[in-house]
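If you're matching positions, the sequence shown starts at 60 in the numbering used here and goes up one per residue.
In what follows, a single structure is set out as structure tokens and then discussed.
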Amino acid sequence: MARGHRDPLTDLRIEPVTAENAGDLDALFASGDPRVCQCAYMRLANAEWSWSSRDANRAVHHRAIADACADGRAAGLIAYHDDVAVGWVSFDRREAYGRLTSSRLLRPIDDRPVWSIVCFVVAPAARRTGVARRLLAATLDYAREHGIRLVESYPVDVASATRSKRSAAELWRRTVPMFEQAEFTTVGVRRQHSTAPPRPIMRRALRARRSR
Ligand SMILES: CC(C)(COP(=O)(O)OP(=O)(O)OC[C@H]1O[C@@H](n2cnc3c(N)ncnc32)[C@H](O)[C@@H]1OP(=O)(O)O)[C@@H](O)C(=O)NCCC(=O)NCCS
60 MARGHRDPLT DLRIEPVTAE NAGDLDALFA SGDPRVCQCA YMRLANAEWS WSSRDANRAV
120 HHRAIADACA DGRAAGLIAY HDDVAVGWVS FDRREAYGRL TSSRLLRPID DRPVWSIVCF
180 VVAPAARRTG VARRLLAATL DYAREHGIRL VESYPVDVAS ATRSKRSAAE LWRRTVPMFE
240 QAEFTTVGVR RQHSTAPPRP IMRRALRARR SR
């Protein structure tokens, strides 16, 4: 086992988020950056984003979850351990994320329909046990089962970082190696300006799961 890893959590259950279980995220989002963000940052364009209103952000997130459910899909997955939410991944149609649609840096690579995997949160006590990795695998399963053919991510290029160590909070988009290991490939790399860190865009095409 590589340094920094802990034993994988057994009995991890992963469920699509719904209007009914969305409240289970409250405890998971109670500390660190998620406390204010409430997973609304990527859903809002810069001009709409307000660090001051946790409740407004929570409402934005819950509305997105309800909208997705009304459309017959989920806007993310929750990982449970002993019936407690210990992990979260946010994904949705690319155009559902206001920050992506308004971003010059992360403007679309092409006009193919694509789903974006934008954020991970794992409870501090459950970190380094493979929860994020398992949430990504479950996201790909969910996508295949729902006829999604293309998924995209915007991970941190840890190899290019000027600092060798990144805090857990900085890795909410996860890392290039984690997506490479899940067979994503880099389809674009952009920079805010010539000396800014590279911002990779990674994709994976999926085949529909055959029904047995
Ligand atoms: C980043 C985060 C999601 C990682 O979740 P995790 O379940 O601990 O990750 P995993 O155990 O599945 O590890 C997956 C890979 O990432 C690596 N990794 C995990 N945490 C890391 C860290 N802090 N630094 C470097 N690598 C890290 C693991 O080593 C593993 O890679 P490897 O198998 O190649 O070694 C978790 O630390 C977290 O929730 N951080 C806070 C994020 C946040 O604030 N999100 C909301 C923003 S508003």
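Here a beta-carbon is modelled for each residue, glycine too, at the ideal position from N, C-alpha and C.
Query, Result
"C-beta atoms of residue 168 and residue 246 nearer than 8 Å", "yes"
"Burial state of residue 141 (16 or more Cβ within 10 Å)", "exposed"
"Closest Cα partner of residue 99 within the set 138, 68 and 158", "158"
"Member of 234, 198 and 254 whose CA lies at the smallest distance from the CA of residue 260", "234"
"Opposing strand residues paired with residue 247 [DSSP bridges]", "260"
"Proximity test, Cβ basis, 8 Å: residue 205 and chain C", "Annotation note: the requested chain C is absent from the structure, which comprises a single protein chain."
"Inter-residue Cα distance where the pair is residue 89 and residue 209", "32 Å"
"CA nearest to the CA of residue 155, picked from 145, 143 and 177", "177"
"Beta bridge counterpart(s) of residue 179 as assigned by DSSP", "148"
"Distance cut-off 7 Å: residue 216 Cβ against heavy atoms of ligand 1", "no"
"Neighbourhood of residue 263 by C-beta, 6 Å cutoff - its chain only, sequence neighbours within 5 removed", "210, 242 and 243"
"Close Cβ partners of residue 191 (< 8 Å) along its chain, the five nearest in sequence each way excluded", "146, 148, 179, 181, 233 and 237"
"Contacting residues, own chain, Cβ-Cβ under 7 Å from residue 198 (five flanking each side not counted)", "136, 148, 150 and 176"
"Closer than 7 Å: residue 190 CB and nearest ligand 1 heavy atom", "yes"
"Cβ separation of residue 219 and residue 256, assumed to be a contact under 8 Å, to the nearest whole Å", "6 Å"
"DSSP state of residue 230 mapped onto helix, strand, coil", "helix"
"Closest residue to residue 132 among 93, 74, 186 and 162 (Cα-Cα distance)", "74"
"Residue 180 CB to nearest heavy atom of ligand 1 below 7 Å", "yes"
"Residue ranges of each beta strand (DSSP E) within the region 64–93, 3 or longer", "71–75"
"Alpha helix (DSSP H) segment containing residue 255, residue limits", "Neither: residue 255 is in no alpha helix (DSSP H) and is coded neither H nor E."
"Cα-Cα separation between residue 125 and residue 251, rounded to whole angstroms", "33 Å"
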